[in-house]
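Enquirer: The following block contains the structure, expressed as structure tokens.
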Amino acid sequence: MNTRVVANMPDLTNYWMPFTANRQFKAAPRLLSEADGMHYTSVDGRKIIDATAGLWCVNAGHRRPQIAQAVERQLMVLDYAPSFQMGHPIAFDFAQRLASIAPRGLDRVFFTGSGSESVDTALKIAIAYHRAIGQAARTRLIGRERGYHGVGFGGISVGGIVNNRRVFPQLPGSDHLRHTHDPVRNSFVRGLPEHGAELADDLERLVALHGSETIAAVIIEPVAGSTGVLLPPKGYLQRLRQICDRHGILLIFDEVITGFGRLGAPFAADYFGITPDILTTAKGLTNGVVPMGAVLVSRKVHDALMSGPEEQIELFHGYTYSGHPIACAAGIATLEIYEDEGLLTRAHELTDHWQEAIHSLKALPNVIDIRALGLLAGIELKSRNGAPGSRAYDVFVDCFDRGLLIRVTGDIIALSPPLVVSTAEIDKIVDILGRSLRKVA
Ligand SMILES: Cc1ncc(COP(=O)(O)O)c(C=O)c1O
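Remember, our numbering sits 1 above the position in the sequence shown when you count from 1.
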């Protein structure tokens, strides 16, 4: 179908689109030209309800004047300043504000430009930490199957998505825990799955295989987002924390998606009551308005690196845009909105409605599992024979034509609306998706 080509369509030739089937897209493009609150407007003038918060990032809803004004004010005062051996006040202010909402003890903040940069930064900090405490052999990094940690070489090495890995070489020595997705034992469970805590013991297996003295860190998404909203089994995260402690391995939570209220608490670490040693963020940090990431680091890790001669740079790492003043302005305004409107806990208030609404899709054709937590949901469809991913992709295109933006990964539909979503809008999202599933799936 190519009904979306309209008069004001730009020339699509030059832009090489990321994570996109470029030729297929350009033959039938889906272009968004405006956004406001819970909605996008497509170039052909249709209102599209945003059930994905952009790309899991626009937690406070679109085009918030308070953020725009803060960015404008900052632009007129200090547009850019270097952060290497120099500083500017707003970066320190933002770090302080972040520290004030961070999980207990994670109050040292390293700024980056994206989630991928946050992940690579966290992995490097973990390795540098061990060297600083005299354990330089600890360079091995452990991720998990079906994990997504961005697209840097560090991130794909610990990531567990085959298509992101098969073409590229990875860091030597990286290894993976098994994933926790077990639809046979846990399908359609409300809340956290009952079965699978024992999968955390995989870390013991890797310790036995490699030797704990070679392992720097384990990185996981507390809830795996990009591979289809995979929830941690009850007790799994606690067990992983204990095993890390037993063997002196740092635990990194990648909260690029779960950070800033997605589960109904400021961070997944708060929601699950498990504190990692390092926590990565991006996306909701600035409401998606300006690219930025932040790595929250425990004092133990930070302070170990604040050693040696004081005139020496402690960590040979950083980005031109670390602590960019415009991004900091957007971030501070975003945090103010989150706090003023109670958005960091709003998903908790909506959870019953969300669970009811999402689980009402259970009986629809080819729905084989539903998972929901906070304001996140994954709806898994049965793959068509010989054409994995095609069923969900057809639903995605059909929903877009009906005025709903969803996200699909393989044959899983992922939903993560802005945290300002109303109950009526939740019902609308589920209604449109239900119609689409009935027709397409
Ligand atoms: C858990 C996780 N980590 C890292 C990233 C990478 O973030 P970015 O695309 O900003 O580099 C993502 C992006 O979706 C993510 O979900």
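Just so it is clear, CB atoms sit at the ideal spot from N, CA and C, and this is done for glycine as well.
Would you kindly report the start and end of the unbroken alpha helix (DSSP H) that includes H349?
Expert: Along the sequence shown, read from residue 1 onward, the residue named residue 349 stands at position 348. Where H349 is concerned, the enclosing alpha helix (DSSP H) stretches over L344 to H360.
Enquirer: Reducing DSSP to helix, strand and coil, say where L336 ends up.
Expert: By one-based count along the sequence shown, residue 336 stands at place 335. Correct three-state label for L336: helix.
Enquirer: Considering only C-alpha positions, which residue in the set K48, F26 and N9 is nearest to Y16?
Expert: For the purposes of this step, residue 16 is taken as the residue at position 15 of the sequence shown. Looking at the Cα atoms, F26 is the closest of the given residues.
Enquirer: Would the C-beta of I126 count as close to ligand 1, meaning under 8 Å from any of its heavy atoms?
Expert: Residue mapping note: residue 126 aligns to position 125 of the sequence shown, counting from 1. Because no heavy atom of ligand 1 lies under 8 Å away, the Cβ of I126 does not count as near it: no.
Enquirer: Within 8 Å: the Cβ of V290 and any heavy atom of ligand 1?
Expert: As a working mapping, residue 290 is identified with position 289 in the sequence shown. It does not: the Cβ of V290 is nowhere closer than 8 Å to a heavy atom of ligand 1.
Enquirer: Assuming A266 contacts E256 under a Cβ cut-off of 8 Å, what Cβ separation, rounded to an integer in Å, is found between them?
Expert: Against the sequence shown, residue 266 aligns to sequence position 265. Against the sequence shown, residue 256 aligns to sequence position 255. Between E256 and A266 the Cβ distance is about 11 Å, and since that is not below 8 Å, they are no contact.
Enquirer: Measure the Cβ-Cβ separation of L232 and V219 and say whether it is below 9 Å.
Expert: Here residue 232 refers to the residue found at position 231 of the sequence shown. Here residue 219 refers to the residue found at position 218 of the sequence shown. The answer is no: Cβ separation not under 9 Å.
Enquirer: For K440, count neighbouring Cβ atoms within 10 angstroms of its own Cβ and tell me buried if that reaches 16, exposed if not.
Expert: For the purposes of this step, residue 440 is taken as the residue at position 439 of the sequence shown. Exposed, because fewer than 16 other Cβ atoms sit within 10 Å of the Cβ of K440.
Enquirer: Is it true that the CB of S117 sits closer than 9 Å to the CB of I55?
Expert: Position 54 of the sequence shown, counted from the start, is the residue given in the question as residue 55. Position 116 of the sequence shown, counted from the start, is the residue given in the question as residue 117. Here residue 55 turns out to be Gly, not Ile, going by the sequence shown. No, these two residues do not count as a Cβ contact at 9 Å.
Enquirer: Could you tell me whether the Cβ atoms of L32 and M18 are closer together than 9 Å?
Expert: Residue mapping note: residue 32 aligns to position 31 of the sequence shown, counting from 1. Residue mapping note: residue 18 aligns to position 17 of the sequence shown, counting from 1. Taking 9 Å as the Cβ cut-off, L32 and M18 do not qualify as a contacting pair.
Enquirer: Return the residue from the list S43, I413 and M293 that minimises the CA-CA distance to D402.
Expert: Stepping through the sequence shown from its first residue, residue 402 is reached at position 401. Cα-wise, what sits closest to D402 is S43.
Enquirer: Taking 8 Å as the cut-off, is the CB of L232 close to at least one heavy atom of ligand 1?
Expert: Position 231 of the sequence shown, counted from the start, is the residue given in the question as residue 232. Checking every heavy atom of ligand 1 against the Cβ of L232, none is found closer than 8 Å.
Enquirer: Y272 lies in the alpha helix (DSSP H); which residues open and close that run?
Expert: Here residue 272 is taken as the residue at index 271 of the sequence shown, counted from 1. Where Y272 is concerned, the enclosing alpha helix (DSSP H) stretches over A269 to F273.
Enquirer: Helix, strand or coil, according to DSSP, for K429 in the structure here?
Expert: For the purposes of this step, residue 429 is taken as residue 428 along the sequence shown, with counting starting at 1. Helix, per DSSP.
Enquirer: Just to confirm, are G379 and L416 a CB contact at a threshold of 9 Å?
Expert: Counting from 1 along the sequence shown, the entry for residue 379 is found at position 378. Counting from 1 along the sequence shown, the entry for residue 416 is found at position 415. Their beta carbons are under 9 Å apart, which means G379 touches L416 by this criterion.
Enquirer: CA-CA distance, P445 and D80?
Expert: The requested residue 445 is not part of the displayed model; the chain covers only 2 to 442.
Enquirer: Roughly how many angstroms lie between the CA atoms of K125 and A334, to the nearest whole one?
Expert: Position 124 of the sequence shown holds residue 125. Position 333 of the sequence shown holds residue 334. Approximately 30 Å, taken between the alpha carbons.
Enquirer: Assign T4 to one of three DSSP states: helix, strand, or coil.
Expert: What you label residue 4 is simply residue 3 of the sequence shown in a count that begins at 1. With a pLDDT of only 47 at T4, under 50, the local geometry of the prediction cannot be trusted, and the value read off the model is given with reservation. Reduced to three states, the DSSP call for T4 is coil.
Enquirer: Say the cut is 8 Å; is the CB of K48 nearer than that to a heavy atom of ligand 1?
Expert: Taking the first residue of the sequence shown as position 1, residue 48 is located at position 47. Checking every heavy atom of ligand 1 against the Cβ of K48, none is found closer than 8 Å.
Enquirer: Determine the DSSP secondary structure at E118, reduced to helix, strand or coil.
Expert: Position 117 of the sequence shown, counted from the start, is the residue given in the question as residue 118. Of the three classes helix, strand and coil, the one that applies to E118 here is helix, per DSSP.
Enquirer: Do Y149 and L200 have their C-beta atoms closer together than 9 Å?
Expert: As a position in the sequence shown, residue 149 is number 148, starting the count at 1. As a position in the sequence shown, residue 200 is number 199, starting the count at 1. Against a cut-off of 9 Å, the Cβ pair of L200 and Y149 comes out as no contact.
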